[in-house]
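*Asks:*
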Amino acid sequence: MTQPTEAQHLEVERRILDQALRDAQVVRDALAGGHTTVVNLMSAPGSGKTELLGVIGDELRAQGQSVAVLVGDCATEHDADRLRSHVDWVHQIVTDGVCHLEARMLFPFLAEIGQLAPRYLFVENVGNMVCPVDFDLGEAVRIALLSVTEGEDKPVKYPGLFGAVDLVVVSKIDLASAVDFSLETVLGYLQRVNPGVPVISSSAKTGVGLDAVIGAIRSLAAQGSSLTGQGSSLTGQRSSMASNLPLAGGVRAASVGG
Amino acid sequence: MHEASLARAVVASVMEELKARDIDGARLSAVHLAIGELSQVDAPSLDFAFGFAIEGTQLERSRLAMARVPARLRCTICGTESGFSREFYFECQSCGGGCTVLAGREFEITGLDLIDQCEVEKESVCYDTAY
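As you go down the protein sequences, you meet chains A and B in turn. 230 is the number of the first residue of the first sequence in the working numbering; add one for each residue after it. 5 is the number of the first residue of the second sequence in the working numbering; add one for each residue after it.
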C-alpha cells in the first residue's frame, strides 16, 4: 500500500449508490431462475397498499398464479397477519424506524422465495412518499398508490415518487364523491410529473378496476420496467415506456369515467 | 429523510475508491460530491448525517464539499432542451411530450482531498490550517 507524501486532490468519478444497485442485482439474479416478477409498491401510509394486495392475491391465486409478499413497516406484524390468508407466502420486514426498504433487507428471504418460485413477489414498501423511491429493490415494476382522500395534488407534491413509477393506482375510488375527488385534476398533475404513465382507478372494497390493475401488472411484467437500475428518482424515462403500454390509453380513458 | 442511509453510502463509496487506488489507509480532509437538482438529496441534511457516519472511520473530521448540478431535460418528441421547472416538471414546454433527463440525477463522488502523512502526525494543527 502506498501513502501519499503530500496533501493532494484526487479526481474521482464514482456513483455513490452503486452498492445499492449491486444489491438490487443480487435480488434479480436470485429470483430470475424462478421467473418471479418483483413488484415494488410505494405510497403514503394508509393509502390502501395492504388491502389492494389482499384482493390482488386472491384473484391471482384464483387464476392459478402463486403470490409472495414482503411487507415493510417501522413496527408490528399487522400487515403480514392481514395478508396471510390471501397469498401463498408472506413475511414482515420490521425496519425499527428505517423509513424505506433497501435491497439488502430482502437478502435473508431470497433462498426461501427462490425455492417457492412464485409468479409474483410484491414488496409493500414502508408507507412513505419520499425515501423508498431512491432504493432499487431489484423490482421489474414500480407502482404508486394514491388514495382519493389524500388530495389531488400529491403527484406534484411528491414528484420524486410519482415521476418514477410504471403505474399509478388511484385507490378507494368508492369514496370519491364523499371527498369531492377530481380524477381529472390528478391526471393533469400526473401528466406533468410522468407524461403518459398509465393510471387506473380502483376500489379494493367494491372490486372496481382490479382486473385492470392485474392486467397492467401483467403487461408491465412482460415488458420490464424502463427505469430499474437507474438508482434514483425524478426521472422522465418512463414516459416512452408507458406510452408503449398497450392498455395505457384505454385504462386512462376508462379511469376518467371512474 | 433518508440522508443517514445516503451518508453511510458516501462513506462506503469513499472506502471502495481508496481501496481501488491502493491507498486504503489514507486520511481525508474533504470529500467532493456532485448532487443533481433532481436527486432528492438535501445537502444540509446530508452534511449533518455525514458528521455521524464518519465517526470512528478514517474519514473522521473530513468535510463534505457539495456542488449542485442543474437539471437538463430533452423532449422525446420534439427534441427541445430545457431546465427543470416546478411548472412543467417532465412535460415538454414546447409540445407537451415527455422528457428524458440528460443531467440532474447525479449523486457522485467527484474528488477526494488527502491529508499528507506528516500532517496526520500533528493532526490538530493540520486540520486547523488545511482549510
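Quick reminder that beta carbons are idealized off the backbone N, C-alpha and C, glycines included.
Below 8 Å on the Cβ atoms is my guess for Thr378 (chain A) versus Val408 (chain A); work out the distance and round it to an integer in Å.
*Replies:* Contact flag correct, Cβ pair sits at about 5 Å.
*Asks:* Need the endpoints of the alpha helix (DSSP H) that Gly286 (chain A) sits in, please.
*Replies:* That run of the alpha helix (DSSP H) goes 278-291.
*Asks:* Give the interface partners of His244 (chain A) over in chain B, defined as CB-CB distance under 9 Å, in chain order.
*Replies:* His is not the amino acid found at residue 244 (chain A); the sequence shown has Arg there. By Cβ distance, chain B contributes Ser17, Glu110, Phe111, Glu112, Ile113.
*Asks:* If I follow the unbroken beta strand (DSSP E) through His36 (chain B), where does it start and stop?
*Replies:* 32-40 is the span of the beta strand (DSSP E), which, as asked, contains His36 (chain B).
*Asks:* Roughly how many angstroms separate the alpha carbons of Leu289 (chain A) and Val45 (chain B), rounded to a whole number?
*Replies:* Going from the Cα of Leu289 (chain A) to the Cα of Val45 (chain B) covers about 38 Å.
*Asks:* Using 8 Å as the threshold, is the segment 369-376 of chain A in touch with the segment 257-270 of chain A, meaning 3 or more CB pairs across them?
*Replies:* Result yes; three or more Cβ-Cβ pairs closer than 8 Å.
*Asks:* Does the contact criterion of 3 or more C-beta pairs under 8 Å hold for the segment 40-54 of chain B versus the segment 71-80 of chain B?
*Replies:* Yes: the two stretches touch, three or more of their Cβ pairs being nearer than 8 Å.
*Asks:* Between the segment 291-306 of chain A and the segment 338-351 of chain A, do at least 3 Cβ pairs fall closer than 8 Å?
*Replies:* Because the criterion of three Cβ pairs below 8 Å is met, the segment 291-306 of chain A and the segment 338-351 of chain A touch.
*Asks:* Among B:Glu59, B:Leu77, B:Ile113, B:Leu32, whose alpha-carbon lies nearest the alpha-carbon of Gly100 (chain B)?
*Replies:* Residue B:Leu77 is the option with its Cα nearest to Gly100 (chain B).
*Asks:* Nearest chain A C-beta to Val14 (chain B) closer than 7 Å, yes or no?
*Replies:* Answer yes: the Cβ-Cβ gap between Val14 (chain B) and chain A drops below 7 Å somewhere.
*Asks:* In three-state DSSP terms, what is Leu330 (chain A)?
*Replies:* In this structure, Leu330 (chain A) counts as coil in the three-state DSSP scheme.
*Asks:* I'd like to know whether the C-beta atoms of Gly326 (chain A) and Cys360 (chain A) end up nearer to each other than 7 Å.
*Replies:* The answer is no: Cβ separation not under 7 Å.
*Asks:* For Leu374 (chain A) versus Ser448 (chain A), is the C-beta distance shorter than 7 Å?
*Replies:* In this structure, Ser448 (chain A) does not lie closer than 7 Å to Leu374 (chain A) by Cβ.
*Asks:* If you reduce the DSSP assignment to three classes, tell me which class Phe338 (chain A) lands in.
*Replies:* Helix, per DSSP.
*Asks:* For Glu21 (chain B), would you say it is in contact with chain A, using Cβ-to-Cβ distances shorter than 7 Å as the test?
*Replies:* With 7 Å as the cut-off, Glu21 (chain B) counts as an interface residue toward chain A.
*Asks:* Based on the DSSP output, what are the partners of Asn269 (chain A) in its beta bridges?
*Replies:* Partner(s): A:Val352, A:Arg371.
*Asks:* Gly102 (chain B) bridges to which residues according to DSSP?
*Replies:* DSSP output for Gly102 (chain B) lists B:Glu95 as bridge partner(s).
*Asks:* Considering only the alpha carbon of each residue, which of B:Leu116, B:Phe92, B:Cys96 lies closest to Ser3 (chain B)?
*Replies:* With chain B covering 5 to 135 only, the question about residue 3 (chain B) has no answer from this structure.
*Asks:* In angstroms with no decimal places, state the Cα-to-Cα distance between Pro179 (chain A) and Phe338 (chain A).
*Replies:* In the structure as shown, chain A starts at 230 and stops at 487, and residue 179 (chain A) therefore has no counterpart that could be examined.
*Asks:* Could you name the residues of chain B that Ala249 (chain A) contacts, counting a contact when the two beta carbons are closer than 8 Å?
*Replies:* Those within 8 Å of Ala249 (chain A) in chain B are Ala13.
*Asks:* Quick check on His238 (chain A): does DSSP put it in helix, strand or coil?
*Replies:* If DSSP states are grouped into helix, strand and coil, His238 (chain A) belongs with the strands.
*Asks:* Tell me whether the beta-carbon of Glu7 (chain B) lies closer than 7 Å to the beta-carbon of Ser49 (chain B).
*Replies:* It is a contact, given that the beta carbons lie within the stated cut-off.
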